[in-house]
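Residue numbers (our numbering), protein chains in the order written: chain A, 1 to 328; chain B, 329 to 656. Even glycine gets a Cβ: it sits at the ideal position worked out from N, Cα and C. All values reported here derive from a predicted model rather than from experimental measurement.
Structure below.
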């Protein structure tokens with residue numbers, strides 16, 4: 001099969017199309033003919049050698065999500081059949097024509113979605129749902145602050161918040177991104193100028209602050225979050241593009257009884273990934289079927305042009321997801 | 329009635345014995361003839377004017393816990409009768425001969441405990457249980473790091489950990505305090521020299537780290553906690569004697585999926601205080617009846633000598649609780 005590999009870490013040109021033997025599904029697994037694979041910022045870090053693959057993932061083929069068709073079954077698989085359209089999250093290996101995944105970790109792709117749409121969904125929507133709802137407990141009537149509202153995870157979070165009855169406030173670096181985010185459920189946008197947004201969030205919430213913060217930026221943003229989080233608020237840290245260190249006001253954390261939690265999907269052990277995929281099938285796939293959620297696809301590149309896709313993601317100019325497409 | 333008041337904030341001498349009218353129990357409340365009241369560090373802060381009483385508490389009478397006898401019932405009270413021995417947590421007002429409390433917020437004092445013992449229990453044990461178990465989810469087989477293991481909350485936490493099947497590691501400023509803590513369930517003691525303890529905790533846990541940290545010290549301790557907390561660990565911040573600010577490694581928080589939460593009991597609204605008191609009655613009082621838990625009483629002062637009690641607490645030389653006693 002054709003796959004994109006990283007023989008030596010480096011810039012986008014480090015992504016090299018290669019021929020590899022087809023993988024064989026083990027007991028409980030299915031093999032998927034990949035038709036689309038989303039590009040994630042974690043892939044860029046992996047390509048640069050700064051985010052090695054977990055031990056149970058292909059070591060030199062990136063790709064954390066896929067949509068495709070089941071083309072072989074391992075022993076003991078009863079959940080799926082050859083020909084089923086599926087999509088899901090993997091710890092690596094999706095930049096390839098074929099991938100093996102655990103049958104409990106593959107969700108059925110709704111009929112109304114194309115493969116490209118399916119490949120744009122799992123990482124963003126599972127990250128947003130797992131962080132914002134499963135872990136931070138966002139519920140109807142609450143307010144969530146979504147940082148980087150125009151990102152893949154941000155655009156997913158806005159839609160999920162709207163779908164479950166919560167109000168979404170969002171930040172972005174430009175007013176144009178916030179304007180586009182309005183159609184996805186954003187009710188108040190705050191341009192984060194020089195990393196300052198707490199006053200804007202307080203103004204947008206009548207001084208009450210956000211019950212949940214989906215923190216995709218990190219660094220100094222976390223200190224600013226503490227300035228606009230409501231009592232009993234939950235700040236969930238998913239990314240730290242702005243830096244890995246912050247001076248924190250413990251007094252505010254204590255008085256307002258705030259929770260700050262860090263989370264990451266990729267390094268989780270198999271059973272936790274399967275739990276997250278089952279939650280995805282149960283809670284989000286029906287909302288894609290009903291049309292309450294839809295992926296935001298920014299650009300599509302053929303698999304062989306993965307390097308161009310990476311270069312585009314690195315510009316930070318996009319809105320939504322970048323997807324690699326493979327022929328059927 | 330006789331009460332200790334704070335006419336003007338200041339040193340221990342700011343505590344002034346005064347005569348006040350007896351309070352009258354409202355609907356759902358009982359009046360308690362106080363026989364003992366624990367002294368807490370929060371009382372010292374309140375006396376200094378740095379921690380004002382919540383709006384629904386007596387504004388100038390400190391005291392967050394009591395043991396005594398019900399001596400009058402408000403309308404509609406069916407849970408308790410005049411003469412019942414009770415103890416519990418209040419947002420203030422316990423440094424007095426009488427106090428009114430909600431009937432759902434008064435626990436029955438077991439026969440085997442004296443009033444002084446009862447007055448030493450609620451704040452320390454409810455703080456430790458609420459933070460360590462209810463909020464941080466400490467469970468059998470896990471390891472908890474108890475900071476300031478010789479403090480009132482620390483000595484309570486060690487015993488609770490042992491009673492629920494968890495292993496307690498503790499820090500203190502002196503080896504002598506750790507030695508005394510062994511009898512309460514401490515399995516590994518680490519002298520926190522210059523605020524360094526992470527290496528000692530890692531050594532005591534075979535490099536695994538603590539699943540839960542009960543953080544009573546704050547400041548730089550929180551950064552050190554991050555150096556010895558296990559994956560999926562929970563750090564619960566209850567006090568910040570060592571300072572209210574810290575430089576935090578967000579990368580460690582994210583990679584290990586750590587939760588840092590601040591909590592405080594005193595400012596909680598009535599319904600939350602009643603929930604905490606019901607958890608106390610349900611989960612801890614039976615363990616005092618069985619002897620699995622016991623209060624650690626350091627010194628006892630008569631109510632009129634509250635100033636001396638405060639001066640003693642401020643030395644940090646104690647081990648366990650300081651209690652004010654009142655005649656029957």
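Checklist entry - What in chain B is Cβ-close to residue 245 of chain A, meaning under 9 Å? => result The answer, in chain order, is 575, 576, 577, 578, 579.
Checklist entry - How about residue 134 of chain A: is its C-beta nearer than 8 Å to some C-beta of chain B? => result no
Item to check | Collapsed DSSP secondary structure at residue 193 of chain A in the structure displayed | outcome: strand
Item to check | Segments of 4+ residues assigned as alpha helix (DSSP H) that fall wholly inside the stretch 124-191 of chain A | outcome: 152-163, 175-182
Next on the checklist: Cutting at 8 Å between CB atoms, please list the residues of its own chain near residue 230 of chain A, excluding the five before and the five after it.
Outcome noted: Non-local C-beta neighbours of residue 230 of chain A in its own chain, meaning closer than 8 Å and more than five positions away in sequence, comprise 143, 205, 208, 209, 210, 211, 256, ordered along the chain.
Checklist entry - Of all the residues that make up the stretch 292-304 of chain A, which are near chain B by a beta-carbon distance shorter than 8 Å? => result none
Checklist entry - In this structure, does DSSP put residue 645 of chain B in helix, strand or coil? => result Note: residue 645 of chain B maps to coil in three-state DSSP.
Checklist entry - If we cut at 8 Å on Cβ distances, does residue 651 of chain B have a partner in chain A? => result no
Checklist entry - In the structure shown, what three-state DSSP assignment does residue 542 of chain B receive? => result strand
Checklist entry - What's the C-alpha gap between residue 474 of chain B and residue 608 of chain B? => result 20 Å
Checklist entry - Under a Cβ-count criterion, where at least 16 other Cβ atoms within 10 Å of its own Cβ denotes burial, should residue 327 of chain A be classed as buried or exposed? => result exposed
Checklist entry - Just how far apart, CA to CA, sit residue 389 of chain B and residue 331 of chain B? => result 7 Å
Checklist entry - What does DSSP give as the partner residues of residue 574 of chain B in its beta bridges? => result Per the DSSP secondary-structure output, residue 574 of chain B pairs in a beta bridge with A/248.
Item to check | For residue 285 of chain A, the three-state DSSP class (helix, strand or coil) | outcome: helix
Checklist entry - According to the neighbour-count rule (16 or more other Cβ atoms, all chains shown, within 10 Å of its Cβ), is residue 517 of chain B buried or exposed? => result buried
Checklist entry - Shortest alpha-carbon distance to residue 320 of chain B belongs to which of B/373, B/636, B/506, B/346? => result Shown here, chain B extends from 329 to 656; a query on residue 320 of chain B therefore has no answer.
Checklist entry - For residue 203 of chain A, which option in A/314, A/35, A/187, A/323 has the closest C-alpha, if you only look at C-alpha atoms? => result The residue with the shortest Cα to Cα distance from residue 203 of chain A is A/187.
Checklist entry - Using a Cβ cut-off of 8 Å, which residues of the stretch 530-548 of chain B contact any Cβ in chain A, in chain order? => result In summary, the residues of the stretch 530-548 of chain B whose CB is separated from some CB of chain A by less than 8 Å are 546, 547, in the order they occur in the chain.
Next on the checklist: Just verifying my parser: in three-state terms, what is the DSSP assignment at residue 447 of chain B?
Outcome noted: helix
Checklist entry - Does the beta carbon of residue 1 of chain A come closer than 8 Å to any beta carbon on chain B? => result no
Checklist entry - Taking C-alpha atoms, which residue in B/620, B/575, B/644 lies nearest to residue 626 of chain B? => result The option with the nearest alpha carbon to residue 626 of chain B is B/644.
Checklist entry - Do residue 509 of chain B and residue 542 of chain B have their CB atoms nearer than 8 Å? => result no
Item to check | Contacts of residue 271 of chain B in chain A (Cβ-Cβ under 9 Å) | outcome: An answer regarding residue 271 of chain B cannot be provided, because it is not within the stretch 329 to 656 covered by chain B.
Checklist entry - What is the DSSP secondary structure of residue 336 of chain B, counted as helix, strand or coil? => result Under the three-state reduction of DSSP output, residue 336 of chain B falls in the coil class, being neither helix nor strand.
Checklist entry - How would you label residue 479 of chain B, buried or exposed, when you count the other beta carbons within 10 angstroms and need 16 or more for buried? => result With a threshold of 16 other beta carbon atoms within 10 Å, residue 479 of chain B meets it and is buried.
Checklist entry - Where residue 116 of chain A and residue 37 of chain A are concerned, what is the direct C-alpha to C-alpha distance, given to the nearest angstrom? => result 8 Å
Checklist entry - According to DSSP, which residues form a beta bridge with residue 297 of chain A? => result A/321
Checklist entry - When the cut-off is 8 Å and only beta carbons count, does residue 569 of chain B lie next to chain A? => result For residue 569 of chain B, the answer is no, since every Cβ of chain A falls outside 8 Å of its Cβ.
Checklist entry - Beta-carbon of residue 550 of chain B versus every beta-carbon of chain A: anything under 8 Å? => result yes
Checklist entry - Hey, does residue 512 of chain B have any beta-carbon neighbour from chain A nearer than 8 Å? => result Answer no: the Cβ-Cβ gap between residue 512 of chain B and chain A never drops below 8 Å.
Checklist entry - From residue 312 of chain A to residue 264 of chain A, what does the alpha carbon distance come to, in whole angstroms? => result 24 Å
Checklist entry - Per DSSP, what kind of secondary structure is residue 238 of chain A in: helix, strand or coil? => result coil
Next on the checklist: Less than 8 Å between CB atoms is the rule here; does residue 565 of chain B satisfy it with respect to chain A?
Outcome noted: yes
Item to check | 8 Å Cβ cutoff met for residue 360 of chain B and residue 396 of chain B | outcome: It is a contact, given that the beta carbons lie within the stated cut-off.
Checklist entry - First and last residue of the alpha helix (DSSP H) that includes residue 98 of chain A? => result That residue, residue 98 of chain A, is in no alpha helix (DSSP H); its beta strand (DSSP E) goes 98-102.
Checklist entry - Is the beta carbon of residue 381 of chain B less than 8 Å from the beta carbon of residue 419 of chain B? => result yes
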